[in-house]
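S.K.: Take this structure, written in structure tokens, and hold onto it; I'll ask about it next.
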Amino acid sequence: MSAVNITNVTVLDNPAAFLNPFQFEISYECLVPLKDDLEWKLIYVGSAEDETYDQLLESVLVGPVNVGNYRFVFEADPPDPAKIRDEDIIGVTVLLLTCSFLGQEFIRVGYYVNNDYGDEQLREEPPAKVLIDRVQRISLPTSPGSLSSPSISILIPVKMVVRRRHLLHHLITIPLMTHRQNKLLPVVRSLHYHPLFGIFCRSMTITTWL
Numbered sequence: 001m002s003a004v005n006i007t008n009v010t011v012l013d014n015p016a017a018f019l020n021p022f023q024f025e026i027s028y029e030c031l032v033p034l035k036d037d038l039e040w041k042l043i044y045v046g047s048a049e050d051e052t053y054d055q056l057l058e059s060v061l062v063g064p065v066n067v068g069n070y071r072f073v074f075e076a077d078p079p080d081p082a083k084i085r086d087e088d089i090i091g092v093t094v095l096l097l098t099c100s101f102l103g104q105e106f107i108r109v110g111y112y113v114n115n116d117y118g119d120e121q122l123r124e125e126p127p128a129k130v131l132i133d134r135v136q137r138i139s140l141p142t143s144p145g146s147l148s149s150p151s152i153s154i155l156i157p158v159k160m161v162v163r164r165r166h167l168l169h170h171l172i173t174i175p176l177m178t179h180r181q182n183k184l185l186p187v188v189r190s191l192h193y194h195p196l197f198g199i200f201c202r203s204m205t206i207t208t209w210l
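UniProt numbering puts the first residue of the sequence shown at 1, with every later residue one more than the last.
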């Protein structure tokens, strides 16, 4: 039996501008008292090929934790666009929400993030230099058919995605959907999936190493 179970993670402030803070409402239960802190981190993957572009957006300590149910809002600054290559700002990337205990990571939740212009003309004819104040992100429902507004960016729970060259992995291609001229079109990007990690959903029970 695990000591800590994540019961829900909700992405707040979606849709949002690229420069808006990220906000996650995290619910979890603790089954045994923990004298030490849980450390939560939010990491923005700035490049699929080079981990040096990863940005640690925020790290917070929560604890000590007694037995019971808990909920808090985890807020983090947006990524610094100056630390992202222009060609990597627009398009699909990954956001990682992790939790560690005594320096050992035991939870990792991944989200696809697709950044695009809110203005249709800018989407069709993007400027040579990214206009970061015009870039937006928006959540995509799990069922594309339920979209009621243009999908400019995507935040959906996904399988753990890694692209570290030193890890054994399988190469998979995952189709995403975007909204262009009132039509849903697939946006495809090759991502690496580590087979040792499972699927993390909005309601989940995760076996920890505590």
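Yeah, the Cβ is synthetic: ideal placement off N, Cα and C, and Gly gets one too.
Restricting to Cα atoms, I'd like to know which of Glu75, Asn8, Lys83, Gln136 is closest to tyrosine 53.
M.R.: Among Glu75, Asn8, Lys83, Gln136, the Cα nearest to that of tyrosine 53 belongs to Lys83.
S.K.: Measuring alpha carbon to alpha carbon, tell me which of Leu131, Asn114, Glu75, Val130 ends up nearest leucine 42.
M.R.: Of the listed residues, the one whose Cα sits closest to leucine 42 is Glu75.
S.K.: Determine the DSSP secondary structure at glutamine 181, reduced to helix, strand or coil.
M.R.: Any reading at glutamine 181 must be qualified, since the residue scores a pLDDT of 34, below 50, and its modelled position is unreliable; no value is offered.
S.K.: Would you identify the three-state DSSP class for isoleucine 43, choosing helix, strand or coil?
M.R.: Of the three classes helix, strand and coil, the one that applies to isoleucine 43 here is strand, per DSSP.
S.K.: Hey, would you say aspartate 77 sits closer than 8 Å to valine 130, going by beta carbons?
M.R.: It is not a contact, given that the beta carbons lie outside the stated cut-off.
S.K.: Measure the C-alpha to C-alpha separation of valine 65 and leucine 122 and round it to an integer number of angstroms.
M.R.: For valine 65 and leucine 122, the distance between alpha carbons rounds to 48 Å.
S.K.: Can you tell me whether DSSP reads alanine 48 as helix, strand or coil?
M.R.: Three-state DSSP puts alanine 48 in coil, outside helix and strand.
S.K.: Run through the DSSP bridge pairs and tell me what glutamate 105 is partnered with.
M.R.: Ser100, per the DSSP bridge assignment.
S.K.: Can you grab the Cα-Cα spacing for the pair leucine 210 / phenylalanine 101, in whole Å?
M.R.: Legend: pLDDT at leucine 210 = 30, less than 50; position of this residue unreliable, value from coordinates given subsequently. Using only the alpha carbons, I get a separation of about 8 Å.
S.K.: Residues in the same chain with beta-carbon distance under 6 Å from arginine 71, minus the five sequence neighbours each way, listed in chain order, please.
M.R.: If we look at arginine 71 and ignore the five residues flanking it on each side, its Cβ neighbours are Ser27.
S.K.: Tell me the residue span of the beta strand (DSSP E) that contains arginine 137.
M.R.: It spans 135-137 - the beta strand (DSSP E) in which arginine 137 sits, taken as one unbroken run.
S.K.: If you check the beta carbons only, do arginine 9 and valine 73 fall under 8 Å apart?
M.R.: Sequence inspection shows valine at residue 9; the arginine mentioned does not correspond to that position. The answer is no: Cβ separation not under 8 Å.
S.K.: Between methionine 177 and arginine 137, what straight-line distance do the alpha-carbon atoms span, to the nearest angstrom?
M.R.: Confidence at methionine 177 is low in this model, with a pLDDT of 35, below 50, so the placement of that residue is unreliable and no value is reported for it.
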